[in-house]
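Q: Once you've had a glance at the structure underneath, I'll fire off some questions.
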């Protein structure tokens with residue numbers, strides 16, 4: 088085993104600062120594991136080796152992108168202190184019907200430079216400008232709308248803004264005030280060791296001890312807010328007792344508890360809806376069916392917040408059904424097919440028209456189908472039993488030898504991913520926070536290189 092190579096992989100995978108290799112504690116730990124091995128790097132040599140890895144991996148990624156006929160970009164906007172960064176990744180489906188994803192660049196958005204110019208410059212550098220059809224972004228649509236590319240909002244961002252706008256519509260400024268109050272309570276209890284011990288002891292006596300929630304900040308997402316509100320709700324009696332004992336002015340009023348209960352009721356519905364999505368990147372074909380199921384659940388209860396979110400959900404579903412990228416992707420996903428489409432005959436006709444324009448050779452396929460038979464190919468596909476929800480739609484298309492006329496279209500639309508960041512970071516707050524904390528601690532000059540290597544070390 089090459090200890091040096093494995094050490095660099097660890098530094099990259101977990102986003103450790105490069106000076107870790109010189110830390111006395113780390114060296115002592117390695118020596119305890121194996122006294123024979125010595126750390127082969129200092130900070131400078133580790134940086135040099137990582138730079139070589141970076142340049143070599145860039146060549147590999149560039150070759151892979153050169154082979155792709157069309158690609159989708161994802162643009163993740165994130166924050167580091169008062170600085171804004173944009174991480175761009177690229178996705179496509181290869182000839183074996185495998186989804187490929189690569190991190191391309193991470194750029195600090197300086198004053199006077201918008202996301203649009205950053206995306207355009209990166210696309211030109213990587214030689215994919217003419218291959219891009221869609222950009223999935225967790226930022227405002229205006230950020231990348233100057234190009235001819237279609238912009239689709241990140242599904243995680245859709246859920247964030249839907250809940251946030253609904254809560255503000257129903258409760259106004261009281262919502263942010265409540266979140267700030269809850270955050271202050273968490274800080275008050277967890278930030279003082281003596282108070283924290285009192286609180287933990289009281290909770291353990293009542294058998295309701297729950298680990299502290301993730302730290303809350305003004306730009307956090309709904310999973311993190313859910314995490315905090317559940318902590319407050321599950322231990323409200325012990326929390327109030329400790330606050331009273333410490334003579335703190337903090338506290339949750341009865342009217343606040345009602346809001347928390349309503350918010351939790353809805354946020355748990357969000358969590359249940361996304362729990363089955365898994366990890367990594369998934370196609371946008373899943374969004375319309377998921378939102379329709381969510382809307383159905385929302386209408387089972389008539390609380391003011393649920394009614395407001397249901398309205399916003401309904402409007403989103405309507406807008407998405409007018410979007411060919413969203414609708415065609417859902418139809419060409421064998422798990423869903425035509426069942427979620429409005430005016431299905433019109434959609435079928437539009438798909439046949441695009442089949443004619445796009446051509447009839449699928450990835451890895453060589454057969455051509457006469458144009459008059461295109462409608463029958465589509466009907467043959469739609470006549471099959473829907474695939475079970477847990478199955479991979481790409482595996483279905485990989486095995487279809489009698490649907491080659493439809494395969495290029497399926498590849499084009501199923502290539503578009505639903506989120507601007509991997510699902511596990513979008514919907515699991517502990518992973519989202521861990522990644523954020525790690526990249527926030529990186530040295531500014533190494534952020535791009537480290538995130539590139541972390542994202543691509545096992546890609547390809």
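Residue numbers (my numbering): 88 to 547. Glycine included, each C-beta is placed from N, C-alpha and C at the ideal position.
1. Between 161, 513 and 170, which lies nearest to residue 362 when the distance is taken from Cα to Cα?
2. Just verifying my parser: in three-state terms, what is the DSSP assignment at residue 423?
3. Per DSSP, what are the beta-bridge partners of residue 164 in this structure?
4. In the DSSP assignment, what are the bridge partners of residue 370?
5. Going by alpha carbons, who is nearest to residue 260 out of 343, 185, 194 and 273?
6. Output needed for residue 309: all residues of its chain with C-beta closer than 7 Å, excluding positions within five of it in sequence on either side, in chain order.
7. Can you check DSSP and say which residues form a bridge with residue 224?
8. According to DSSP, residue 179 sits in a beta bridge with which residue or residues?
9. Evaluate residue 290 with the Cβ neighbour count: other Cβ atoms within 10 Å of its Cβ, from every protein chain shown; 16 or more gives buried, anything less gives exposed.
10. From the DSSP output, in three-state form, read off residue 389 for me.
11. Taking DSSP's pairing of strands, which residues face residue 192 in a bridge?
12. Within the same chain, show all residues whose beta-carbon is closer than 6 Å to that of residue 527, passing over the 5 residues directly before and after it, in chain order.
13. Measure from the alpha carbon of residue 340 to the alpha carbon of each residue in 298, 274, 266 and 197, then state which is nearest.
14. Do you know whose CA, among 170, 145 and 149, lies nearest residue 523's CA?
15. Have a look at residue 143 and residue 543 and give me their C-alpha separation to the nearest angstrom.
16. Please confirm if the region 375 to 385 is in contact with the region 400 to 410, defined as three or more CB-CB distances below 8 Å between the two stretches.
17. Taking the beta carbon of residue 430 as the centre, do at least 16 other beta carbons fall within 10 Å, making it buried, or is it exposed?
18. Report whether the distance from the Cβ of residue 530 to the nearest heavy atom of the ligand HEM is below 7 Å.
19. Could you tell me which of 160, 420, 188 and 288 sits nearest to residue 218, measuring between CA atoms?
20. Residue 431 lies in the alpha helix (DSSP H); which residues open and close that run?
21. List the whole-angstrom C-beta distance separating residue 420 from residue 493, where the pair is believed to meet the contact cut-off of C-beta under 8 Å.
22. Taking buried to mean at least 16 other C-beta atoms within 10 Å of its own C-beta, is residue 224 buried or exposed?
23. Under 8 Å by Cβ, that's how I've got residue 490 and residue 468 pegged, so tell me the actual separation to the nearest angstrom.
A: Inspection of the coordinates gives the following:
1. Taking the chain shown and counting its residues from 1, the one referred to as residue 362 is at position 275. Cα-wise, what sits closest to residue 362 is 513.
2. The sequence position of residue 423 within the chain shown is 336, counting from 1. Coil.
3. By one-based count along the chain shown, residue 164 stands at place 77. Bridge partners of residue 164: 173.
4. Here residue 370 refers to the residue found at position 283 of the chain shown. Answer is 504.
5. Here residue 260 refers to the residue found at position 173 of the chain shown. Looking at the Cα atoms, 343 is the closest of the given residues.
6. Counting from 1 along the chain shown, the entry for residue 309 is found at position 222. So the qualifying residues of the chain are 246, 247, 250, 354 and 357.
7. On the chain shown, position 137 is the one that residue 224 refers to. For residue 224, which the question treats as bridged, DSSP gives the partners 162 and 240.
8. As a working note, residue 179 is residue 92 in the chain shown. Looking at the DSSP assignment, residue 179 forms a beta bridge with 187.
9. For the purposes of this step, residue 290 is taken as residue 203 along the chain shown, with counting starting at 1. Buried is the call here.
10. Your numbering for residue 389 matches position 302 in the chain shown. Residue 389 falls in the coil class under three-state DSSP.
11. Looking up residue 192 in the chain shown gives position 105. Residue 192 is bridged to 175.
12. Along the chain shown, one-based indexing puts residue 527 at 440. Correct list, in chain order: 167.
13. On the chain shown, position 253 is the one that residue 340 refers to. It is 266.
14. Position 436 of the chain shown holds residue 523. When only C-alpha atoms are compared, the closest one is 170.
15. Position 56 of the chain shown, counted from the start, is the residue given in the question as residue 143. Position 456 of the chain shown, counted from the start, is the residue given in the question as residue 543. Distance between the alpha carbons of residue 143 and residue 543 is about 11 Å.
16. yes
17. Mapped onto the chain shown, residue 430 falls at position 343. So residue 430 counts as exposed.
18. As for the ligand HEM, it is missing from this structure, which has no ligand bound.
19. Taking the first residue of the chain shown as 1, we reach residue 218 at position 131. Comparing Cα-Cα distances from residue 218 to each of 160, 420, 188 and 288, the minimum goes to 160.
20. Here residue 431 corresponds to residue number 344 of the chain shown, with the count starting at 1. Its alpha helix (DSSP H) spans residues 431 to 445.
21. Taking the chain shown and counting its residues from 1, one reaches residue 420 at position 333. Taking the chain shown and counting its residues from 1, one reaches residue 493 at position 406. Not confirmed; about 12 Å, so no contact.
22. Counting from one through the chain shown, the residue named residue 224 turns up at place 137. Its Cβ being crowded by 16 or more others within 10 Å, residue 224 is buried.
23. For the purposes of this step, residue 490 is identified with residue 403 of the chain shown, where counting begins at 1. For the purposes of this step, residue 468 is identified with residue 381 of the chain shown, where counting begins at 1. The Cβ separation is near 5 Å, so the contact holds.
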